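In the order they appear, the protein sequences are chains W and X. Under my numbering, the letters of the first sequence match residues 4 to 413, in that order. Under my numbering, the letters of the second sequence match residues 82 to 168, in that order. No residue lacks a Cβ here, since even glycine has one placed at the ideal position from N, Cα and C. Just so it is clear, the structure is predicted and the values come from calculations on it, not from any experiment. Beneath this line is the structure, given in structure tokens, with notes to follow.
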Amino acid sequence: MKKYIFHIDANSAYLSWQAVYDLQHGSNIDLRNIASAIGGDKSKRKGIILAKSLKAKKAGVKTGQPLFEALRACPKLTIVSPNYQLYMACSDEMMSIIQTFSEKVERFSVDECFMELSCKDPLTIAYQLKNTIYKTLGFTVNIGISTNKLLAKMGSELEKPNKVHTLFEDEIMEKMWPLPVNELFMVGRATNKKLRKYGINTIGQLAKTDIEFLSLMMKSHGRLIWHYANGLDSSPVKKDSRKIKGIGNSTTTPFDVDDIRYASLFILSLTEMVALRLRANNMMCHVVHVSYHRASQGGGQGRQRKLITPTDNTNTIYKIAMELFKEIWDEGPIRHFGVRVTMLNTAEIYQKSIFDEKNLEKKRRLNKHIDLLRVKYGSQTIKRASFIESGIKNINGGIHEEYPMMTSLL
Amino acid sequence: MKILMKSVDMICVSNKDGKISPIKYKFVGKDEQIHIVKINKILERNEERLAGNRMYIYKVMSVINNSKRVYEMKYELATCKWYIYKM
């Protein structure tokens, strides 16, 4: 029997999960059949679109878009606030059904996973799995079947919703190569722009480009996407990979921010949450990333920096985040801020350096006690003086996601 | 049958094996009067896990306004709430 890899992806996960839950509670509207989206708080014009229905997609609503922009694109859009507890329950139930088909299942994010199975007829199994999930849990999934994780994932993205696709090596040319290059896993907005500049528009063109050229232009990332374009990937299905890869928080501001004082307060309030979560997981970070979205004409920027020694100190992360922010900000009005830390290590053992700040141990103890106070008596118990009368919360961002929404590592 | 999904106050029995059976319930009707309805018979029991949310569905029979009515009730495990589901 041959070994196959399946990629199972819930169709517009948050939205269909909410729709099924509403129907179960007697709602006569199926969110999946109208222009609807999950995200933020409509009354406060806050938050971003997390998931959207097909009708909303047709009207121009995009995932990750700020609410006010989505409402401009589609004024009749029905917006539902997210219910993370429900999504975790759906995700867990989906996983438990998939685990009845195979022992080797890797949860890739809240709504997708990989399954490895040796069998004779993978298509029949995939249809069985898809139908079991629909019958039991009430929502549809896409399944991609192949011999490695990359192709399985690309396969499940081919046509949605409620479909099973195969994408074997001999089908790459026909099914994957004609697709636009930005459809390839790990080709984001910035890479897409670069590739288009070099005249690479489809995955096929990327696959046929000289790897040396890509390596010269985009270093290791160039080599990685060349391998992906050729369907080459050897990463194993990791059972129970619940390891946190990054911790990040972001917030949409209730007003346009064009003043460095307010910008720094928002970044500080997000850093407070990120650092709190980092310490709660007993981890330290090597990389600090900061990003923003412009209020008008869309777009935004982000930048990250690798540190010499890992840290979990709020002040250090904030200092770096602010340095990065000052490097990228064009002083235009901002509507959305994000702070993220990655390359996480355990905080139990860490490398000391002669460049370390003074009194590091003392600062760590201070942070620990501030965290204890905030967890026990609430986030308002102890706050920095800079937030007084600023109208900005001293800690910003939720701690709902237990699993990464998106992962960049196969 | 029409979907009502109206929550009610219920008296039910949970037996030694953990099987839950509705006995009688109280609800406020359109006339703003309190009505008490006895479940005369449980015709069917099913379980659903839609959206990962477990609910027991009971097809029951009661005598309402001197006539026998067959309808469905739901019990949500996560919240311990009872509903008249379809009538």
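Residue i: which of the options sits nearest, CA to CA?
{"i": "residue 144 (chain W)", "options": "W:304, W:160 and W:152", "result": "W:160"}
{"i": "residue 334 (chain W)", "options": "W:149, W:265 and W:14", "result": "W:265"}
{"i": "residue 276 (chain W)", "options": "W:253, W:297 and W:267", "result": "W:253"}
{"i": "residue 94 (chain X)", "options": "X:103, X:82 and X:108", "result": "X:103"}
{"i": "residue 305 (chain W)", "options": "W:251, W:258 and W:354", "result": "W:251"}
{"i": "residue 400 (chain W)", "options": "W:351, W:348 and W:256", "result": "W:256"}
{"i": "residue 152 (chain X)", "options": "X:165, X:158 and X:159", "result": "X:165"}
{"i": "residue 40 (chain W)", "options": "W:63, W:31, W:29 and W:30", "result": "W:63"}
{"i": "residue 269 (chain W)", "options": "W:328, W:228, W:61 and W:134", "result": "W:328"}
{"i": "residue 353 (chain W)", "options": "W:296, W:78, W:314 and W:302", "result": "W:314"}
{"i": "residue 142 (chain W)", "options": "X:124, X:130, X:136 and X:140", "result": "X:130"}
{"i": "residue 294 (chain W)", "options": "W:271, W:340, W:95 and W:222", "result": "W:340"}
{"i": "residue 348 (chain W)", "options": "W:92, W:285, W:31 and W:376", "result": "W:285"}
{"i": "residue 171 (chain W)", "options": "W:163, W:152, W:214 and W:164", "result": "W:152"}
{"i": "residue 1 (chain W)", "options": "W:67, W:16 and W:54", "result": "This structure gives no information on residue 1 (chain W), because the portion of chain W shown stretches from 4 to 413."}
{"i": "residue 198 (chain W)", "options": "W:221, W:129 and W:377", "result": "W:221"}
{"i": "residue 147 (chain W)", "options": "W:165, W:383 and W:229", "result": "W:165"}
{"i": "residue 100 (chain X)", "options": "X:126, X:83 and X:111", "result": "X:126"}
How would you list, in chain order, the residues of chain X whose beta-carbon sits under 8 angstroms from the beta-carbon of residue i?
{"i": "residue 93 (chain W)", "result": "132 and 133"}
{"i": "residue 89 (chain W)", "result": "132, 133 and 134"}
Counting only the same chain and skipping the five closest in sequence on each side, list residues whose C-beta sits under 7 angstroms from that of residue i.
{"i": "residue 22 (chain W)", "result": "33, 34 and 35"}
{"i": "residue 118 (chain X)", "result": "105, 106, 143 and 145"}
{"i": "residue 116 (chain W)", "result": "11, 98, 101, 108, 109 and 110"}
{"i": "residue 311 (chain W)", "result": "356 and 358"}
{"i": "residue 346 (chain W)", "result": "288, 289 and 290"}
{"i": "residue 162 (chain X)", "result": "88"}
{"i": "residue 412 (chain W)", "result": "For residue 412 (chain W), the predicted model reports a pLDDT of 48, less than 50, meaning its position is unreliable; a value from the coordinates is still stated below. Cβ within range, chain order: 248."}
{"i": "residue 232 (chain W)", "result": "187, 206, 209 and 210"}
{"i": "residue 74 (chain W)", "result": "80"}
{"i": "residue 298 (chain W)", "result": "259, 336, 337 and 338"}
{"i": "residue 408 (chain W)", "result": "Low confidence applies to residue 408 (chain W): its pLDDT is 43, below 50, so where it sits in the model is not reliable, and the reading given next is rough at best. These residues qualify, in order along the chain: 112 and 113."}
{"i": "residue 109 (chain X)", "result": "115"}
{"i": "residue 92 (chain W)", "result": "none"}
For residue i, write down the residues that DSSP places opposite it in a beta bridge.
{"i": "residue 109 (chain W)", "result": "W:117"}
{"i": "residue 5 (chain W)", "result": "W:122"}
{"i": "residue 136 (chain X)", "result": "X:129 and X:157"}
{"i": "residue 340 (chain W)", "result": "W:254 and W:295"}
{"i": "residue 167 (chain W)", "result": "W:146"}
{"i": "residue 415 (chain W)", "result": "In this structure chain W extends from 4 to 413, so residue 415 (chain W) is not present and cannot be described."}
{"i": "residue 286 (chain W)", "result": "W:349"}
{"i": "residue 127 (chain W)", "result": "According to DSSP, which records beta bridges pairwise, residue 127 (chain W) is partnered with nothing at all."}
{"i": "residue 308 (chain W)", "result": "W:291"}
{"i": "residue 152 (chain X)", "result": "X:141"}
{"i": "residue 416 (chain W)", "result": "Since the first residue shown for chain W is 4 and the last is 413, residue 416 (chain W) is missing from the structure and cannot be characterised."}
{"i": "residue 163 (chain X)", "result": "X:89 and X:156"}
{"i": "residue 249 (chain W)", "result": "W:345"}
{"i": "residue 116 (chain X)", "result": "X:108"}
{"i": "residue 44 (chain W)", "result": "W:49"}
Identify, in the order they occur along the chain, each residue of the same chain with its Cβ nearer than 8 angstroms to the Cβ of residue i, setting aside the five sequence neighbours on each side.
{"i": "residue 360 (chain W)", "result": "316, 319 and 366"}
{"i": "residue 371 (chain W)", "result": "282"}
{"i": "residue 4 (chain W)", "result": "121, 122 and 123"}
{"i": "residue 37 (chain W)", "result": "56, 58 and 81"}
{"i": "residue 128 (chain X)", "result": "135, 136, 137 and 138"}
{"i": "residue 219 (chain W)", "result": "225"}
{"i": "residue 351 (chain W)", "result": "285"}
{"i": "residue 159 (chain X)", "result": "134 and 135"}
Can you give me the Cβ contacts of residue i inside the same chain, cut-off strictly under 6 angstroms, excluding the 5 residues immediately before and after it?
{"i": "residue 122 (chain X)", "result": "142"}
{"i": "residue 6 (chain W)", "result": "121"}
{"i": "residue 278 (chain W)", "result": "317 and 320"}
{"i": "residue 175 (chain W)", "result": "234"}
{"i": "residue 85 (chain X)", "result": "165 and 168"}
{"i": "residue 307 (chain W)", "result": "290 and 292"}
{"i": "residue 105 (chain W)", "result": "118 and 120"}
Since residue i meets chain X, which of its residues come closer than 9 angstroms, beta carbon to beta carbon?
{"i": "residue 24 (chain W)", "result": "131, 132, 133 and 134"}
For residue i, go through chain X and note every residue whose CB falls closer than 7 angstroms to its CB, in chain order.
{"i": "residue 96 (chain W)", "result": "130 and 133"}
{"i": "residue 20 (chain W)", "result": "132"}
For residue i, return the contacting residues in chain W, with the cut-off set at a CB-CB distance below 7 angstroms.
{"i": "residue 86 (chain X)", "result": "28 and 29"}
Can you find a C-beta in chain B that's less than 8 angstroms from the C-beta of residue i?
{"i": "residue 139 (chain W)", "result": "No chain B is present in this structure, whose protein chains are W and X."}
Problem - the region 156-171 of chain W / the region 182-190 of chain W touching (three or more Cβ pairs under 8 angstroms) - result: Yes: the two stretches touch, three or more of their Cβ pairs being nearer than 8 angstroms.
Exercise for the section: Examine the Cβ distances between the region 359-369 of chain W and the region 286-296 of chain W and report whether three or more of them are shorter than 8 angstroms. Expected result: Flag = no, the region 359-369 of chain W and the region 286-296 of chain W do not touch.
Exercise for the section: Please confirm if the region 388-402 of chain W is in contact with the region 145-154 of chain X, defined as three or more CB-CB distances below 8 angstroms between the two stretches. Expected result: At 8 angstroms Cβ cutoff, the stretches do not touch.
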